[in-house]
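Structure first, then comments.
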Amino acid sequence: MLGSQRAFGLAACAAAFAAVVLPSSAASADTVESPIGTVTAGQYLGIYCDDLGAHVRVTVSGGLASASYTATGSGFWAPTTTFVTDAAGAGLTDLHSVNIPGGNGVGTAVITVTAAGTTVSVPAAINCPGNKGD
Numbered sequence: 079m080l081g082s083q084r085a086f087g088l089a090a091c092a093a094a095f096a097a098v099v100l101p102s103s104a105a106s107a108d109t110v111e112s113p114i115g116t117v118t119a120g121q122y123l124g125i126y127c128d129d130l131g132a133h134v135r136v137t138v139s140g141g142l143a144s145a146s147y148t149a150t151g152s153g154f155w156a157p158t159t160t161f162v163t164d165a166a167g168a169g170l171t172d173l174h175s176v177n178i179p180g181g182n183g184v185g186t187a188v189i190t191v192t193a194a195g196t197t198v199s200v201p202a203a204i205n206c207p208g209n210k211g212d
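Heads up, the sequence shown is in our numbering, so the first residue is 79 and it goes up one at a time.
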């Protein structure tokens, strides 16, 4: 009985520690309201990095129905991806190897999203020290 109480106590302490420490180190998503919808960009799962920067998920809601969008991340290796929204104007894409201008992996990246001739910029906090990850 004593062993299970001790294990429970250790688990509770670990959970409390994670609740305090992890949110401050995880990146958060930023949202911009625009004529092409509500555009959100944030580091995937708040913590996901690849070898050259952050993995950033870009989502659109309330956008243009069945429209083609492009999303581009900041950084030398960040590609441009194309995605199509559904009939409700919702869609998403993932950008890999995003970093901030100058190549740093910690700070605020700029994601540009374009549809129907309108471009919006969305800041996205990223946290990939050393640009190393999974």
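Each residue gets a CB set at the ideal place from its N, CA and C atoms; glycine is no exception. Keep in mind the model is a prediction, meaning the values are calculated, not measured.
Asked                                                                                                             : Found
Distance between beta carbons of Val134 and Leu173, contact taken as under 8 Å                                    : 5 Å
Val176 classed as buried or exposed, judged by whether at least 16 other C-beta atoms fall within 10 angstroms    : buried
Simplified DSSP assignment, three categories, for Tyr122                                                          : helix
Own chain, CB closer than 7 Å to Pro207, minus 5 neighbours either side, in chain order                           : Gly183 and Val184
Check whether Ala149 and Thr163 have beta carbons under 7 Å apart                                                 : no
Ser152, buried or exposed, once every other Cβ within 10 Å from all chains shown has been counted against 16      : buried
Rounded separation between Thr196 and Pro113 - CA only                                                            : 8 Å
C-alpha distance - Thr109 paired with Phe154, whole-angstrom precision                                            : 23 Å
Spatial neighbours of Gly169 in its chain, beta-carbon cut-off 8 Å, leaving aside the 5 residues before and after : Thr137, Val138, Gly141, Tyr147, Phe161, Val162 and Thr163
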